[in-house]
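Structure, as structure tokens:
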DNA sequence: CGCGCTTCAAGTGCATGCACTTTGGCCGCG
DNA sequence: CGCGGCCAAAGTGCATGCACTTGAAGCGCG
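Right under this line is the structure:
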């Protein structure tokens, strides 16, 4: 990722740097949906002025990772359940394009690179979930990058990141074991040029991730506090264990990158 | 009609306003690819400071409509031929999703609205091309909006705008007559819930727009001057008018769509 | 004891100023 | 006559200051 850093396009890069950092923090769930991102705190943390931080926030907002509300502190986006489903749906469509594009056209080097990445995933399996999620996401982004189509790259990256977001909202502990083997199988199919098969695998892969991970709309984790409180408003009969303090918000003052 | 749209999200709206204006200017080809967009000129024109103009430019850059180069004046993006093809390809994938989502689910009011829009297209047929293009684009955006899926809306809008851009680079005078009847037919199929048929129509529609409009890579109008000059640099023997001389990236045939 | 109003601090919205970079013209030199 | 370097104008990069908005604590009133 430090590769094409200073191409000379894109904003100076301090903005880019902040974006990348924030994105990473978000997909690793160091920043949960709803986390506040005050401009000055950001600026201070990254050693830049609010102007830059603001710009970065703007970019991230354009990608749908943060929410900007006028005169309010920016927050990490909290996609609705419906949006989450849509996101996966669209992602599927986009990744099919990737597969179609790539099938039978992968160079040996590319295949090797992909395999190496999956090896890394394997290795990180016992590490923190955050890392597995990031690696799994990066695998897909890597595929997109290999299409060499800037637009496709952008869209797939964006949506993959958004998926991480929804995952961090609506998923349970996470289980990425099968994902890894599915990644391997996908590589094989792509390398062999079995387009249809590869597409089917991608379908199945994403579909299973979605249905396995996306747990029903019942209780969105970091969602609006009012949602969490909702069941308590109904009746005062033994509320389930929810270790969240009511008013003050357990987040303390400003959160920034971990 | 330029009044609302600010539910309270998004930037203050002066930024939004500039974005919208610029987008419109771009898709109507009042601003050709490569056109310069200096911050202060923009700011002056819209009665705001460079800060705002800059922010707008940033948004547009995120959408791929303008290009930002460090320390240089921002310009309207000039997608390469390859990107143009990719764009249409991806667009097709996205619009298929739209169709699938919409098929058989359109309310009477929606159908009416669509038909009214196509009527407007019909009416504008003798007007300037710019308007026809805008209307045709808006038709597709309108469809996307009806899916009620924010992400899909965003992506389709974005890519539709980008297509306008490529059209203004690589298309001939334009002929949108058939597009109108195709729009009508599409509405009918959608209303009738004939998903497969509707998808096929969308395929055909976009494909024909692409292949009809996108005239070969021969002479990209506003594209990098170096490309145009390349064949002349080789030898001074009568430069052919279409020959692809440089060893540049493959203009090689790529699956358009299935 | 609770409820609404006031007041204040945190935070954003935006403009402006200054430094740095790029560009293109001008001039002197070969 | 051409060519390469200097210089000013134009433009961006970024920080900072001030006005405005918002949320909430504090306070008085019922």
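Chains as they are written, first to last, in our numbering: chain B, 18 to 275; chain Z, 18 to 275.
Beta carbons: idealized from backbone N, C-alpha and C, even for Gly.
Check	Outcome
Under a three-way DSSP split, which group does residue 85 of chain B fall into?	coil
Comparing C-alpha positions only, which one of B/108, B/146 and B/213 sits nearest to residue 47 of chain B?	B/146
Label residue 35 of chain B either buried or exposed according to how many other C-beta atoms from any shown protein chain fall within 10 Å of its C-beta, with 16 as the threshold for buried.	buried
Could you pull out every unbroken alpha helix (DSSP H) segment of at least 4 residues lying fully inside the stretch 129-191 of chain B, listed in chain order?	146-164 and 167-187
If we ignore side chains and look at the alpha-carbon of each, how far apart do residue 174 of chain B and residue 227 of chain Z end up?	26 Å
Can you name, in chain order, every residue of its own chain whose Cβ lies under 6 Å from the Cβ of residue 26 of chain B, other than the five neighbours on each side?	A caution first: residue 26 of chain B carries a pLDDT of 40, below 50, which makes its placement in the model unreliable, though a value can still be read off. So no residue of the chain qualifies.
Compare the Cα-Cα distances from residue 167 of chain B to each of Z/33, Z/30, Z/65 and Z/101 and report the closest residue.	Z/101
Count the other C-beta atoms from every protein chain shown that fall within 10 angstroms of the C-beta of residue 121 of chain Z, then say buried if there are 16 or more, exposed otherwise.	exposed
Closer than 7 Å between beta carbons: that is the criterion. Which residues of the stretch 160-192 of chain B meet it against chain Z?	166, 167, 168, 169 and 172
Please classify residue 144 of chain Z as buried or exposed, where buried requires at least 16 other C-beta atoms within 10 Å of its C-beta.	exposed
Closer than 8 Å by beta-carbon distance: list the chain B residues that pair up with residue 110 of chain Z, in chain order.	110, 111, 113 and 114
Output yes if chain B places a C-beta closer than 9 Å to the C-beta of residue 154 of chain Z; else output no.	no
Would you list the residues sitting across from residue 125 of chain Z in a DSSP beta bridge?	None, per the DSSP bridge assignment.
Is it true that the stretch 158-165 of chain Z meets the stretch 108-127 of chain Z, where meeting means three or more beta-carbon pairs spaced less than 8 Å apart?	yes
Under 9 Å, Cβ to Cβ, is there at least one residue of chain Z near residue 222 of chain B?	no
Can you find a CB in chain B that lies within less than 9 Å of the CB of residue 134 of chain Z?	no
The alpha helix (DSSP H) that contains residue 115 of chain B, what's its start and end?	98-119
With which residues is residue 54 of chain Z paired in a DSSP beta bridge?	Z/91
Using a 10 Å radius around the Cβ and a threshold of 16 neighbouring Cβ atoms, would you call residue 151 of chain Z buried or exposed?	buried
Thinking just about the alpha-carbon of each residue, which of Z/99, Z/104 and Z/117 is nearest to the one in residue 107 of chain B?	Z/117
Comparing the C-beta of residue 103 of chain B with each C-beta of chain Z, is any distance below 9 Å?	yes
Helix, strand or coil: how does DSSP classify residue 46 of chain Z here?	coil
Which residue from B/66, B/225, B/39 and B/94 puts its Cα closest to that of residue 199 of chain B?	B/225
Please go through the same chain and pick out, in chain order, the residues whose beta-carbon is closer than 6 Å to the beta-carbon of residue 223 of chain Z, but skip the five residues on each side of it.	109
In or out: residue 210 of chain Z buried (at least 16 other Cβ within 10 Å) or exposed?	exposed
Applying the 10 Å Cβ sphere with the 16-neighbour rule, what's the burial state of residue 179 of chain Z?	buried
When you compare each of B/172, B/89, B/188 and B/208 to residue 81 of chain Z by their alpha carbons, which one comes out closest?	B/172
Determine the chain Z residues that contact residue 72 of chain B at a beta-carbon separation under 9 Å, and present them in chain order.	71, 72 and 75
Check residue 213 of chain Z in the structure and name its three-state DSSP category.	helix
With a CB to CB cut of under 6 Å and the five nearest residues on each side skipped, what residues in its chain are close to residue 148 of chain B?	141
Let me know if residue 76 of chain Z comes out buried or exposed under the rule of 16 or more other beta-carbons within 10 Å of its beta-carbon.	buried
Assuming residue 56 of chain B contacts residue 67 of chain B (C-beta within less than 8 Å), just tell me the rounded distance between them.	4 Å
Based on Cα-Cα distance, which residue from B/95, B/197, B/156 and B/138 lies nearest to residue 51 of chain B?	B/95
Since residue 182 of chain Z and residue 43 of chain Z are thought to touch, with beta carbons under 8 Å apart, how far apart are those beta carbons, to the nearest angstrom?	7 Å
Report the neighbours of residue 206 of chain B on chain Z: residues whose CB is nearer than 7 Å to its CB, in chain order.	Going along chain Z, no residue has its Cβ under 7 Å from residue 206 of chain B, so there is no contact; the nearest lies around 17 Å.
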